[in-house]
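Report on the following structure.
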Amino acid sequence: MSLSFVDDHFQFAEMNIRYMGNMDETMAMVRRAVRMGYDCIVINTDIGQMMQENVNLGNEPPRKKKKKSAKERNVIPDPVIINCAELDTSMLEANGKHLRIFNRLTTTVSSSTEVHLLMHHPQLKKYDLIAVRPSDDQILQTLSRKGDFVDIITYEQASTSVGWLNKSKIIQLCISDGITFEITYADALKDSSQRREVLTNGRQLLMSTKGGDGVVIASGAERMIDIRAPYDAANISVLFGIRPEFARKFVAGNAKKTLLRAESRKTLKGGVLVRTKEDLPKNLIVRLNVIEKIMKIPEFRAQLEIVKGEIGEKTKKDEIKEETKKK
Numbered sequence: 377m378s379l380s381f382v383d384d385h386f387q388f389a390e391m392n393i394r395y396m397g398n399m400d401e402t403m404a405m406v407r408r409a410v411r412m413g414y415d416c417i418v419i420n421t422d423i424g425q426m427m428q429e430n431v432n433l434g435n436e437p438p439r440k441k442k443k444k445s446a447k448e449r450n451v452i453p454d455p456v457i458i459n460c461a462e463l464d465t466s467m468l469e470a471n472g473k474h475l476r477i478f479n480r481l482t483t484t485v486s487s488s489t490e491v492h493l494l495m496h497h498p499q500l501k502k503y504d505l506i507a508v509r510p511s512d513d514q515i516l517q518t519l520s521r522k523g524d525f526v527d528i529i530t531y532e533q534a535s536t537s538v539g540w541l542n543k544s545k546i547i548q549l550c551i552s553d554g555i556t557f558e559i560t561y562a563d564a565l566k567d568s569s570q571r572r573e574v575l576t577n578g579r580q581l582l583m584s585t586k587g588g589d590g591v592v593i594a595s596g597a598e599r600m601i602d603i604r605a606p607y608d609a610a611n612i613s614v615l616f617g618i619r620p621e622f623a624r625k626f627v628a629g630n631a632k633k634t635l636l637r638a639e640s641r642k643t644l645k646g647g648v649l650v651r652t653k654e655d656l657p658k659n660l661i662v663r664l665n666v667i668e669k670i671m672k673i674p675e676f677r678a679q680l681e682i683v684k685g686e687i688g689e690k691t692k693k694d695e696i697k698e699e700t701k702k703k
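Residue numbering for the sequence shown follows the working numbering, beginning at 377 and increasing consecutively.
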């Protein structure tokens, strides 16, 4: 996928259609999302806990000395591949849009060891987007410092114990470094008790982000009935306390930034993506400021001119050699 594609043809994104192991059901959800007008769709493979307890189910007798419970790394499967040729995209194309499918990995991390294992896992390169559910504010703090490989931070939407949602400073730090936070609404459609928790958690997150900058709203759909059309999904943000005129960004502008950031890690073109200084992640702005300060030192500028001159002379010599060979 090219960055220019997202930049030029993007309108609405469904950032979380969950793959539950049934490809037919997944294809049905994708078809529904396309009919509703989404031109970017993200298929989410959720593996749960990064490290799982290795439970002994045998008849081994109890030991006198308590044995520490072993943990083993959860298997990260290959991404789900969706064949776009099997989808009817004529309605999108009639409106000047083109369908794009992305894949996403989601996992829960509970320790810095798990963060390290995930960061260096060879399977990560196969996914377009990486999402993490931090177990507590300490893991969130770790991600704010080492989260360059993470695109989305999410949580159990109907949980009553997401302790880090009120950690505004840490959340703001993550957002300033380009990480996106996610709210999903599928759980709110199931029953009143879950709906109450989803709304409570969502409101707290939006308060911590000061208006929803750096937040996307997605379905988190496991069934076709869970998916809502783009404008309906955007208007759900009103239930979280957002004014209607600011609702669209949760399925459009914020989602676009997330996809661009994710793709910029994989392509050379992402390295030269043009942005204003204000739109850069905070950690890059700090580096840019350092370079600007160094450039004000006369000795450094003089040395840089010397290096440029040497490179220019070498380039000219190489060009002369090439012309001589051609003759």
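C-beta atoms are modelled at their ideal positions from N, C-alpha and C, and glycine is treated no differently.
8 Å Cβ cutoff met for residue i and residue j
| i | j | result |
| --- | --- | --- |
| Thr-489 | Pro-455 | no |
| Gln-533 | Gly-596 | yes |
| Met-412 | Pro-606 | yes |
| Leu-635 | Phe-478 | yes |
| Leu-505 | Ile-528 | yes |
| Thr-556 | Val-508 | no |
| Gly-424 | Thr-483 | yes |
| Ser-487 | Lys-543 | no |
| Tyr-503 | Leu-481 | yes |
| Ile-458 | Val-491 | no |
| Ile-452 | His-497 | yes |
| Ser-537 | Glu-573 | no |
| Leu-541 | Gln-580 | yes |
Outcome for residue i when other beta-carbon atoms lying within 10 angstroms are tallied against a minimum of 16
| i | result |
| --- | --- |
| Tyr-561 | buried |
| Lys-625 | buried |
| Ser-613 | buried |
| Lys-473 | buried |
| Gly-434 | At Gly-434, the pLDDT of 47 sits below 50, so the modelled position is not reliable; the number obtained from the coordinates is stated separately. Exposed, by the Cβ-count rule. |
| Gly-554 | buried |
| Gly-523 | buried |
| Gly-578 | buried |
| Arg-394 | buried |
| Ile-546 | buried |
| Ser-630 | Sequence inspection shows Asn at residue 630; the Ser mentioned does not correspond to that position. When all chains shown are included, Asn-630 counts as buried. |
| Asp-563 | buried |
| Thr-691 | exposed |
| Asn-398 | exposed |
| Leu-516 | buried |
| Glu-558 | buried |
| Gly-588 | buried |
| Lys-440 | Note that Lys-440 has pLDDT 46, beneath the 50 cutoff, so the model's placement of it is unreliable and the number below is only indicative. Classification of Lys-440: exposed, given that the 10 Å Cβ count is below 16. |
| Asn-665 | exposed |
| Ile-744 | Nothing can be reported for residue 744, as the shown portion of the chain is limited to 377 through 703. |
| Lys-632 | buried |
| Leu-500 | exposed |
| Arg-637 | buried |
| Val-683 | exposed |
Proximity winner among the options, relative to residue i (alpha-carbon distances)
| i | options | result |
| --- | --- | --- |
| Ser-520 | Phe-386, Leu-615, Leu-549 | Leu-549 |
| Gly-539 | Ser-511, Val-627, Ala-461 | Ser-511 |
| Lys-566 | Asp-504, Ile-601, Arg-637, Ala-470 | Ile-601 |
| Glu-390 | Val-508, Asp-513, Ile-593 | Ile-593 |
| Ile-618 | Pro-674, Ala-631, Ser-569, Leu-575 | Leu-575 |
| Met-467 | Val-683, Asn-611, Tyr-414 | Tyr-414 |
| Phe-622 | Arg-641, Glu-598, Lys-642, Lys-586 | Lys-586 |
| Gln-387 | Lys-669, Ala-628, Glu-695, Ile-682 | Ala-628 |
| Val-571 | Ile-696, Leu-615, Gln-514, Glu-695 | The displayed chain sequence assigns Arg, not Val, to residue 571. Minimum Cα distance to Arg-571 is reached at Leu-615. |
| Asn-392 | Ala-609, Glu-699, Pro-674 | Ala-609 |
| Leu-463 | Arg-641, Ala-404, Met-671 | Ala-404 |
Paired residues, beta bridge with residue i - DSSP
| i | result |
| --- | --- |
| Cys-416 | Ala-389, Arg-476 |
| Thr-484 | Gln-425, Arg-509 |
| Phe-616 | Note: Phe-616 sits in no beta bridge, so no partner. |
| Arg-604 | Paired residues: none, contrary to the question. |
| Ala-369 | What the structure shows of the chain is the stretch from 377 to 703, and residue 369 is not part of that stretch, so it cannot be assessed. |
| Ile-528 | Ala-507, Thr-556 |
| Arg-394 | Asn-420 |
Whole-number beta carbon distance between residue j and residue i, since they are thought to touch under 8 Å
| i | j | result |
| --- | --- | --- |
| Ala-470 | Ile-603 | Incorrect: roughly 21 Å between the Cβ atoms, too far for contact. |
| Ile-419 | Thr-402 | 7 Å |
| Glu-639 | Met-396 | So it is not a contact: roughly 26 Å between Cβ atoms. |
Near the ligand ZN: residue i beta-carbon under 7 Å from a heavy atom
| i | result |
| --- | --- |
| Phe-525 | The model on display carries no ligand, and the ligand ZN is accordingly not part of it. |
Cβ of residue i within 8 Å of any chain B Cβ
| i | result |
| --- | --- |
| Leu-505 | Judged by its chain identifiers, the structure shown contains no chain B, having just a single protein chain. |
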